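Remarks on the structure that follows.
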């Protein structure tokens, strides 16, 4: 006689397979690229970093119960790579490629200029016709949700 709740043979393997699948987490890596000179970054990149931190906190709480792990990476850039500054990559893909109706642009950034000693153009994000110098947490969240399906 079999005990209630006991699983034998093929049924046990199936249960183990289901358990394994439910414990495997999908990982989404969010990488923030920003100018850094002497340990400092520009105002708009710094503000994007704050927005990103808030978005990651919210996403981790929303996505973990659905089996999606959110991992954050920060990549400081030297002045020679300023064209990549203020970029957010989601699993290696720029945020503007994940969101519909979004594109990268640039505008003059006096804060970057203060760090490099020359006039600089820093990346901005244009979404639905609105230009953002600081990438808002809501757009970061939207992009991650599109990829992860967790929120």
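In our numbering, the protein residues as written are 7 to 157. Beta carbons are placed, not taken as given, at the ideal position from N, Cα and C, and that holds for glycine. Since the model is a prediction, treat every value here as computed from it, not as a measurement.
Cβ neighbours of residue i in the same chain (closer than 6 Å, five flanking residues each side left out)
i           : result
residue 54  : 92, 140, 141
residue 155 : none
residue 137 : 130
As assigned by DSSP and simplified to three states, the class of residue i
i           : result
residue 118 : helix
residue 71  : helix
residue 54  : helix
residue 66  : helix
residue 131 : strand
residue 27  : At residue 27 the pLDDT is 48, less than 50, meaning the model places this residue with poor confidence and gives no usable figure here.
residue 136 : strand
Extent of the continuous beta strand (DSSP E) to which residue i belongs
i          : result
residue 78 : 74-83
residue 95 : 93-96
Inter-residue Cα distance where the pair is residue i and residue j
i           : j           : result
residue 87  : residue 126 : 11 Å
residue 48  : residue 56  : 12 Å
residue 59  : residue 95  : 14 Å
residue 69  : residue 76  : 8 Å
residue 65  : residue 79  : 15 Å
residue 117 : residue 128 : 9 Å
residue 105 : residue 122 : 31 Å
residue 124 : residue 90  : 17 Å
Range of the contiguous alpha helix (DSSP H) that encloses residue i
i           : result
residue 35  : Run containing residue 35: none in the alpha helix (DSSP H); it sits in the beta strand (DSSP E), 32-41.
residue 153 : 143-154
residue 103 : 101-104
Any C-beta of chain B under 8 Å from that of residue i
i          : result
residue 33 : As a matter of chain content, chain B is missing from the structure shown, which is built from one protein chain.
Beta-carbon proximity list for residue i, same chain, < 7 Å, skipping 5 on both sides
i           : result
residue 3   : Nothing can be reported for residue 3, as the shown portion of the chain is limited to 7 through 157.
residue 33  : 75, 77
residue 102 : 108, 109, 110, 131
Sequence-distant residues of the same chain with beta carbon closer than 8 Å to residue i, five excluded per side
i          : result
residue 45 : none
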